[in-house]
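A.B. asks: The structure's right below; bear with me while I get my questions together.
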Amino acid sequence: MTREQDLGGIIAALTRLEVALRDRIQAVIQQSEVDVVRVAEVGIERAAADRGGVDDLAHGEAARRRISKRARRLEDRGPAAERPWVAPVEAALHRSSLPPRVRAHPSRSKLSYKCLIVEDAAIAGSVRQCSDRAPPWPSPSKGAPMKAWILDAVHTPLRLADAEVPQPGPGQVAIKVRATGLCHSDVGYMEGVIPFSTDLPLILGHEAAGTISALGEGVSGWQIGDPVVGAIHSTDAPGVTHDGAYAEYILVTASLLVKLPEGIDWGQAAAATDAGVTSYTGVVVHGQVKAGDRVGIIGLGGLGMTGARIAVLKGATVYGVEPKESSWDAAREQGVTEVFKDVSELEGMDLDVIVDFAGFGTTTTGALKAVKSGGRVSQVGLGKTEFTFNSYELIAKAITLQGSTPQGKPEHLQEVIDMVASGDLVIRAEELGFDEIPDGLARLARGEVVGRLYATLPE
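For the sequence shown, my numbering begins at 9 and goes up steadily by one.
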């Protein structure tokens, strides 16, 4: 498509948008006899048309001014009703001649909109509510570029490059990434310690939170603009089985989605998808921790500290093991009753459950000695891939030694999100910029990170 055709299409679409909005406003007035109808800014943001400074969207700006002028006239009709009701402009557009998405080259222009606001409680049933956050409409067209950190081969650094924006297939959604968590497993992939489930090159990053930007065929129950996270499944995970979240957009299977509550922090939501769910799975799903249990948590790093807090929230009395005394005060703030420096100090306590977030062999054998007869040891950490333990202890005490990894169930992620949204669970995490992802992974590799890292991306 030529530059003139591209700009012509944008101008035509903006003109149709003006007509659709005018018709929608008139229809609402006629149907409901409301006192006030306001148009919450139909914004047209220009992004440097070209070096010559040509105003490619002059016609579009004029359209915006005419819509705003009409809205002001409508506002002068009288006072607002007691309760505002908000209907997405998108609903009107779907009934007009305007296509569901206006394709605009991101290097030239960006069309955005917020909402048509109808301030009349009487017509609540005839309009759809939405937040004052503008949905990310339009979504990028097929072939449009996005920034991504790409791993070409193991033992090589990530490469920042333009990549094609992924388009959702049947049963999928595309997500505009707002925050992406950095995980030590990505270091394992880069160093060749953890095997890949797909071919390289690959965009890493499996912890993502963002807004739905496009819907694939057959997807229902979700709308463009919904804030979401996705459950991570071993056979279906961004950054593991397909391109991931060290990029501006990712694909997620719709059946794995969990909607985020209003106001939740993007970084906390991203960390919840893996750090939160991994800890939850080790403590609740496989550890089966319940109120009244006496629980040992071995390793109070990012996962262990989160796991300790979840156990406290479940009503357990929690004892921690962490050689770094600098973490002890933070553990007590999370509700941990007592912290020990070595797992051997738990021996003889006959704990109901021990969750080993370290997994160095000695920690697991120590857990077998410290847990009660008929107790459980939930193994989350993978400090060593092979180790030996005293099978007599396991058998004689009838201990259940359970390996633990997330199962990709949205209901597990939902419970963690609920804990975060309530303020009961705060995942210790540090924010980075998108361009700092390689440096953050290097810090993880050197063991310099306390808690978790996540990178934020602009809206």
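Even glycine gets a Cβ: it sits at the ideal position worked out from N, Cα and C.
Small disclaimer: the values here were computed from a predicted structure and weren't measured.
(1) So residue 236 and residue 424 are in contact, right, with Cβ under 8 Å, and what is the actual spacing, rounded?
(2) Express the C-alpha separation of residue 378 and residue 265 in angstroms, rounding to a whole number.
(3) With a threshold of 6 Å on Cβ separation, who are the neighbours of residue 364 within its own chain once the five nearest residues in sequence on each side are excluded?
(4) With DSSP run on the structure shown, which of helix, strand or coil describes residue 166?
(5) What runs of the beta strand (DSSP E), each 3 residues or longer, lie entirely inside the stretch 272 to 314?
(6) Looking at C-beta atoms only, is the number of pairs between the stretch 429 to 442 and the stretch 307 to 314 that lie closer than 8 Å three or more?
(7) Would you be able to state if there are at least three C-beta pairs under 8 Å between the stretch 174 to 190 and the stretch 221 to 240?
(8) Is residue 281 closer than 8 Å to residue 215 when the C-beta atoms are compared?
(9) What separation, rounded to the nearest whole angstrom, lies between the Cα atoms of residue 276 and residue 331?
(10) Is there contact here, the stretch 289 to 306 with the stretch 343 to 357, by at least three beta-carbon pairs under 8 Å?
(11) Tell me the rounded alpha-carbon separation between residue 254 and residue 400.
(12) Does DSSP classify residue 357 as helix, strand or coil?
(13) Quick check: residue 448 and residue 190, are their CB atoms within less than 8 Å of each other?
(14) Using only alpha-carbon positions, find the residue among 246, 155, 271, 185 that is nearest to residue 430.
(15) With respect to the beta strand (DSSP E) encompassing residue 464, which residues constitute its N-terminal and C-terminal limits?
(16) CB residue 234 to CB residue 267, shorter than 8 Å?
(17) Using CA atoms only, rank isn't needed, just tell me which of 244, 179, 171 is closest to residue 205.
(18) Could you give the distance in angstroms between the alpha-carbon of residue 334 and the alpha-carbon of residue 439?
(19) Excluding sequence positions up to five away, which residues of its chain have a Cβ less than 7 Å from the Cβ of residue 319?
(20) Considering Cα atoms alone, identify which of 441, 197, 394 is closest to residue 161.
(21) Give the single residue among 352, 232, 289 whose Cα lies nearest to the Cα of residue 413.
(22) Would you mind giving the Cβ-Cβ distance between residue 383 and residue 407, rounded to the nearest angstrom? I have them listed as a contact below 8 Å.
C.D. replies: Per the coordinate set shown:
(1) Translated into positions along the sequence shown, residue 236 becomes position 228. Translated into positions along the sequence shown, residue 424 becomes position 416. Rounded, the Cβ-Cβ distance is 14 Å, inconsistent with contact.
(2) Mapped onto the sequence shown, residue 265 falls at position 257. Mapped onto the sequence shown, residue 378 falls at position 370. Going from the Cα of residue 265 to the Cα of residue 378 covers about 39 Å.
(3) What you label residue 364 is simply residue 356 of the sequence shown in a count that begins at 1. Cβ within range, chain order: 306, 371, 372, 375, 387, 389.
(4) Position 158 of the sequence shown holds residue 166. Residue 166: coil per DSSP, three-state reduction.
(5) 302 to 306
(6) yes
(7) yes
(8) Residue numbering aside, residue 215 sits at position 207 when the sequence shown is read from its first letter. Residue numbering aside, residue 281 sits at position 273 when the sequence shown is read from its first letter. Yes, these two residues count as a Cβ contact at 8 Å.
(9) Taking the sequence shown and counting its residues from 1, one reaches residue 276 at position 268. Taking the sequence shown and counting its residues from 1, one reaches residue 331 at position 323. Taking the straight line from one Cα to the other gives about 26 Å.
(10) yes
(11) The residue given as residue 254 occupies position 246 in the sequence shown. The residue given as residue 400 occupies position 392 in the sequence shown. Looking at the two C-alpha atoms, the distance is approximately 46 Å.
(12) Numbered from its first residue, the sequence shown carries residue 357 at position 349. Looking at residue 357 - three-state DSSP - the assignment turns out to be coil, as it is neither helix nor strand.
(13) Within the sequence shown, numbered from 1, the residue matching residue 448 stands at position 440. Within the sequence shown, numbered from 1, the residue matching residue 190 stands at position 182. In this structure, residue 190 lies closer than 8 Å to residue 448 by Cβ.
(14) Locating residue 430 in the sequence shown gives position 422, where the first residue counts as 1. Residue 271 is the option with its Cα nearest to residue 430.
(15) Locating residue 464 in the sequence shown gives position 456, where the first residue counts as 1. First-last of the beta strand (DSSP E) with residue 464: 460 to 464.
(16) As a position in the sequence shown, residue 234 is number 226, starting the count at 1. As a position in the sequence shown, residue 267 is number 259, starting the count at 1. Cβ atoms of residue 234 and residue 267: closer than 8 Å.
(17) Start at 1 with the first residue of the sequence shown, and residue 205 comes out as number 197. Residue 244 is the option with its Cα nearest to residue 205.
(18) The sequence position of residue 334 within the sequence shown is 326, counting from 1. The sequence position of residue 439 within the sequence shown is 431, counting from 1. Cα-Cα distance, rounded: 21 Å.
(19) Your numbering for residue 319 matches position 311 in the sequence shown. Once the five neighbours on either side are set aside, the close Cβ partners of residue 319 are 291, 297, 303, 305, 326.
(20) Along the sequence shown, read from residue 1 onward, the residue named residue 161 stands at position 153. Residue 161 has its Cα closest to that of 197, out of 441, 197, 394.
(21) Residue mapping note: residue 413 aligns to position 405 of the sequence shown, counting from 1. Closest by alpha carbon: 289.
(22) The sequence position of residue 383 within the sequence shown is 375, counting from 1. The sequence position of residue 407 within the sequence shown is 399, counting from 1. Rounded, the Cβ-Cβ distance is 6 Å, consistent with contact.
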